[in-house]
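Residue numbers are given in UniProt numbering: position 592 of the sequence shown equals residue 592, and the series is strictly consecutive. Everything on this sheet refers to the single structure shown next.
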Amino acid sequence: MARYDEIHRRSLDDPDGFWREAAEGIDWHTPFETVFDGSRWFAGGELNTCHNALDRHAPDRAALIYVSPVSGTERVYSYGELLDETARMAGLLRQLGVGRGDTVVIYMPMIPEAVIAMLACARIGAVHSVVFGGFAAPELAARIDHARPKVVLSASCGIEPGRIVEYKPLLDAALAQAAHQPSRCVIVQRPQAVAEMGERDLDWAEQVAKAPWTECEWVSATDPLYILYTSGTTGLPKGIVRDNGGHAVALHWSMKNIYDMSPGEVFWAASDVGWVVGHSYIVYGPLLAGCTSVLYEGKPVGTPDAGMFWRVAADNHVKALFTAPTAIRAIKKEDPSGRLMRDHGLKYLFLAGERLDPDTYHWARELLGVPVIDHWWQTETGWPVAANCMGIEPLATKPGSPTVPVPGYDVRVLDENGVECPPGVDGNIVVRLPLPPGCSPTLYRDHARYEQAYLSRFPGHYLTGDGGHLDDDGYLFVMGRTDDVINVAGHRLSTGAMEEVIATHPDVAECAVIGVADALKGQLPAGFVVLKSGVTRSAEEISADLVRLVRERIGPVAAFKQVSVVARLPKTRSGKILRSTMRAIADGRDYRPPSTIEDPAALDEIAEVIRPA
Numbered sequence: 001m002a003r004y005d006e007i008h009r010r011s012l013d014d015p016d017g018f019w020r021e022a023a024e025g026i027d028w029h030t031p032f033e034t035v036f037d038g039s040r041w042f043a044g045g046e047l048n049t050c051h052n053a054l055d056r057h058a059p060d061r062a063a064l065i066y067v068s069p070v071s072g073t074e075r076v077y078s079y080g081e082l083l084d085e086t087a088r089m090a091g092l093l094r095q096l097g098v099g100r101g102d103t104v105v106i107y108m109p110m111i112p113e114a115v116i117a118m119l120a121c122a123r124i125g126a127v128h129s130v131v132f133g134g135f136a137a138p139e140l141a142a143r144i145d146h147a148r149p150k151v152v153l154s155a156s157c158g159i160e161p162g163r164i165v166e167y168k169p170l171l172d173a174a175l176a177q178a179a180h181q182p183s184r185c186v187i188v189q190r191p192q193a194v195a196e197m198g199e200r201d202l203d204w205a206e207q208v209a210k211a212p213w214t215e216c217e218w219v220s221a222t223d224p225l226y227i228l229y230t231s232g233t234t235g236l237p238k239g240i241v242r243d244n245g246g247h248a249v250a251l252h253w254s255m256k257n258i259y260d261m262s263p264g265e266v267f268w269a270a271s272d273v274g275w276v277v278g279h280s281y282i283v284y285g286p287l288l289a290g291c292t293s294v295l296y297e298g299k300p301v302g303t304p305d306a307g308m309f310w311r312v313a314a315d316n317h318v319k320a321l322f323t324a325p326t327a328i329r330a331i332k333k334e335d336p337s338g339r340l341m342r343d344h345g346l347k348y349l350f351l352a353g354e355r356l357d358p359d360t361y362h363w364a365r366e367l368l369g370v371p372v373i374d375h376w377w378q379t380e381t382g383w384p385v386a387a388n389c390m391g392i393e394p395l396a397t398k399p400g401s402p403t404v405p406v407p408g409y410d411v412r413v414l415d416e417n418g419v420e421c422p423p424g425v426d427g428n429i430v431v432r433l434p435l436p437p438g439c440s441p442t443l444y445r446d447h448a449r450y451e452q453a454y455l456s457r458f459p460g461h462y463l464t465g466d467g468g469h470l471d472d473d474g475y476l477f478v479m480g481r482t483d484d485v486i487n488v489a490g491h492r493l494s495t496g497a498m499e500e501v502i503a504t505h506p507d508v509a510e511c512a513v514i515g516v517a518d519a520l521k522g523q524l525p526a527g528f529v530v531l532k533s534g535v536t537r538s539a540e541e542i543s544a545d546l547v548r549l550v551r552e553r554i555g556p557v558a559a560f561k562q563v564s565v566v567a568r569l570p571k572t573r574s575g576k577i578l579r580s581t582m583r584a585i586a587d588g589r590d591y592r593p594p595s596t597i598e599d600p601a602a603l604d605e606i607a608e609v610i611r612p613a
């Protein structure tokens, strides 16, 4: 760990020198005056994120590979082609009155126009806010009212396995509910469902074809690049703000040092542009680094089968694939023996977005035969907090750990009194201030809420909201949100640790453990499992196995006796299991399903299982 230790220590001891060197990878129109002025990164500097992502790269190099099994479409965009379409879209936005600092809401499926829309906003200094395509009208209306866009960019429809989701009626319904009204809506007409256009609606293709080619607007490093809404504990979305300068420097640095990517190599983040992974590692990160990015419109299974990820990787010479553990578990469930796992050509598989259970880690590593790299970060940070930095020094891995803090992050674990926990003892995972470049400096139009949510609990530290521990070697173990720690008869137990045990059972594809209220012991753990395809044993037999496993590996103190076999677990569209909502149902509390829920019917099934308990 000598090289990693040296670089990480320097990033904390000499952040000015460390990030000054990293900033040399970015083109600056005006040099920054200070690296960090106590609250802002690269103050005084001017740049343009779109210029750094497109204009400065070789025009004939492949920039974006669009693969859409749901529509039967594939296309490769060179940097020159992507620049041309982006510059014309930027020209259209200017014609519609959008200027530096104005907001634009983007409500789109995974199509190239979504990437072009984001870059076009960056090109003219506008602030984009991407709303996950297909969000319900009330949630879209809430974001429109909060962001107050001059223009909304959307599409006629999205395509899901077996169904078409018409976006335009959802957008129209949202605007009927919203107090704020944009001046124009620009719509990409897709042949699968052509939208009916209204008076303020414009056809994307028609308008862009005649729009002027537009140069970049130079903006301050501290100017906002985008707003991305994430769920808050109150149910009200939080508008995470990303600045231009710190974001460009951090993401460019991360591509080489974390992901081991060089210009011209192919990177695939199998996520969605509606999430932070899509912002950072479908759009901005790979393009800032001069890489080729894969834009995939499909699912890990069902479009058409569990071998699609490996075919896309092989056909497009993907070096590194980044996806969520949920996607790998879905593939494992459908193809447990790896029969469809053809020669994929990958060098790395990166996983993030939720806790990677050791069983999934081992399954993927053994069948793929490449490093499987768990890493951990948040919408708020915008790039990894802990990872095995493959471009610095590959370290030995430990199942259940995203390895070590990334340079720039001073990660600590504090108890409830703010005292550092010794190695191996779980507590609150925090980052000692200042946060490195690229992290959100505030919430949109609500800095007081930012300070209250993240900075007030432990002064001088950023509160991640996750619990876990550092071990003797400095490896971080993230056990889940701090409210996933349950108290059983005075014993603090991690539901994540129980999930680790359950996931080792050969018949279990996915699992979740929550704490349910109990009059005697305070809380008791309840397990929910989804079985692999083809399992013939009864649910009763498997439940008995799991109770015995937890008793053996964690102990009778866990009081783990309740296991329910379900068809599916309730999740967000990004794959996170809705444990807090499940707890609310179990405890008989009022709950509000989050706007990001993938399948509301899954909650109904959980409710039927939990309530009798």
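All C-beta atoms, glycine included, are put in the ideal place defined by N, C-alpha and C. Remember, it's a predicted structure, so these values are computed and weren't measured experimentally.
Counting C-beta neighbours from all protein chains within 10 Å, is the total for residue i 16 or more, i.e. buried, or is it exposed?
{"i": "GLY468", "result": "buried"}
{"i": "ALA517", "result": "exposed"}
{"i": "residue 620", "result": "Any property of residue 620 remains undetermined from this structure, which presents the chain solely from 1 to 613."}
{"i": "TRP204", "result": "buried"}
{"i": "PRO612", "result": "With a pLDDT of 47 at PRO612, under the threshold of 50, the predicted position of this residue should be treated as unreliable, though the coordinate-derived value follows. That one is exposed."}
{"i": "GLY17", "result": "exposed"}
{"i": "ASN244", "result": "buried"}
{"i": "LEU433", "result": "exposed"}
{"i": "LYS210", "result": "exposed"}
{"i": "ALA544", "result": "exposed"}
{"i": "GLY239", "result": "buried"}
{"i": "ASP33", "result": "Per the sequence shown, residue 33 should be read as Glu rather than Asp. Exposed, because fewer than 16 other Cβ atoms sit within 10 Å of the Cβ of GLU33."}
{"i": "ASP604", "result": "exposed"}
{"i": "THR596", "result": "buried"}
{"i": "ALA195", "result": "buried"}
Helix, strand or coil for residue i? Go by DSSP, reduced to three states.
{"i": "TRP204", "result": "helix"}
{"i": "LEU356", "result": "coil"}
{"i": "PHE477", "result": "strand"}
{"i": "ALA613", "result": "Interpretation of ALA613 is limited by its pLDDT of 43, a score under 50 that renders its predicted location unreliable; no figure is taken from the coordinates."}
{"i": "LEU171", "result": "helix"}
{"i": "PRO212", "result": "coil"}
{"i": "HIS447", "result": "helix"}
{"i": "ARG9", "result": "helix"}
{"i": "LYS398", "result": "coil"}
{"i": "ASP604", "result": "helix"}
{"i": "LEU597", "result": "Reading the sequence as shown, one finds Ile at residue 597 and not Leu. Reduced to three states, the DSSP call for ILE597 is strand."}
{"i": "CYS50", "result": "helix"}
{"i": "ARG75", "result": "strand"}
{"i": "TRP41", "result": "strand"}
{"i": "THR222", "result": "coil"}
{"i": "ILE486", "result": "strand"}
{"i": "ARG61", "result": "coil"}
Give the C-beta separation of residue i and residue j to the nearest angstrom, bearing in mind that I take them to be a contact with Cβ-Cβ under 8 Å.
{"i": "residue 623", "j": "ALA503", "result": "This structure leaves residue 623 out entirely; the chain is present only between 1 and 613."}
{"i": "ALA122", "j": "THR49", "result": "4 Å"}
{"i": "VAL249", "j": "ALA22", "result": "5 Å"}
{"i": "ILE392", "j": "ARG3", "result": "6 Å"}
{"i": "ASP466", "j": "ARG579", "result": "Between ARG579 and ASP466 the Cβ distance is about 13 Å, and since that is not below 8 Å, they are no contact."}
{"i": "PRO399", "j": "TYR361", "result": "5 Å"}
{"i": "LEU287", "j": "PRO325", "result": "26 Å between Cβ atoms; not a contact."}
{"i": "residue 617", "j": "HIS247", "result": "A question about residue 617 goes unanswered here, because the residues of the chain that appear run from 1 up to 613."}
{"i": "VAL151", "j": "LEU96", "result": "5 Å"}
{"i": "VAL430", "j": "LEU463", "result": "6 Å"}
Mind checking if residue i is an interface residue toward chain B, Cβ cutoff 9 Å exclusive?
{"i": "GLY427", "result": "The structure shown contains no chain B, having only a single protein chain."}
**Prompt:** What are the uninterrupted segments assigned as beta strand (DSSP E) that are 3 or more residues long and contained completely in the region 102-161, given in chain order?
**Reply:** Whole beta strand (DSSP E) segments, 3+ residues: 103-108, 127-132, 151-155 and 157-160.
**Request:** May I ask you to verify whether the region 319-339 touches the region 532-540, counting CB pairs closer than 8 Å and requiring at least 3?
**Result:** Flag = yes, the region 319-339 and the region 532-540 touch.
**Asked** Counting only runs that start and end within the UniProt domain "AMP-binding enzyme C-terminal" (498-576), where is the beta strand (DSSP E) found for 3 or more residues in a row?
**Response** 508-518, 522-531 and 562-565
**Message:** Does the region 158-168 come into contact with the region 275-286, if we say contact requires no fewer than three beta-carbon pairs (one atom in each stretch) closer than 8 Å?
**Reply:** These segments do not touch.
**Message:** If we require 3 or more residues per run, which beta strand (DSSP E) segments fall completely within the region 294-347?
**Reply:** Under the rule that a run must span 3 or more residues, the beta strand (DSSP E) segments found entirely inside the region 294-347 read 318-323.
**Asked** Between the region 260-279 and the region 124-144, do three or more beta carbon pairs fall short of 8 Å?
**Response** yes
**Message:** Check whether the region 215-232 and the region 191-204 are in contact - that is, three or more C-beta pairs closer than 8 Å.
**Reply:** As far as the Cβ criterion goes, the region 215-232 does not touch the region 191-204, which means the pair count is below three.
**Message:** Below 8 Å, how does it come out for the region 315-332 and the region 346-356: are there three or more Cβ pairs, yes or no?
**Reply:** yes
**Request:** Would you check if the region 96-108 and the region 133-152 touch, i.e. whether three or more CB-CB distances between them fall below 8 Å?
**Result:** yes
**Request:** Please specify which runs of the alpha helix (DSSP H), each continuous and at least 4 residues long, are wholly inside the region 233-271, giving them in chain order.
**Result:** 245-257
**Message:** Assess contact between the region 415-427 and the region 455-472, defined as three or more Cβ pairs (one per stretch) separated by less than 8 Å. Is contact present?
**Reply:** yes
**Request:** Would you check if there are 3 or more beta carbon pairs closer than 8 Å linking the region 294-305 to the region 70-82?
**Result:** yes
**Prompt:** Are at least three pairs of beta-carbons, each pair with one atom in the region 492-501 and one in the region 453-464, less than 8 Å apart?
**Reply:** no
**Runs of beta strand (DSSP E) lying entirely within the region 361-422, each at least 3 residues, in chain order** = 372-374 and 411-414
**Prompt:** Are the region 404-422 and the region 179-186 in contact at 8 Å, needing three or more beta carbon pairs?
**Reply:** Taking a cut-off of 8 Å for Cβ pairs, the region 404-422 and the region 179-186 do not touch, as fewer than three such pairs fall below it.
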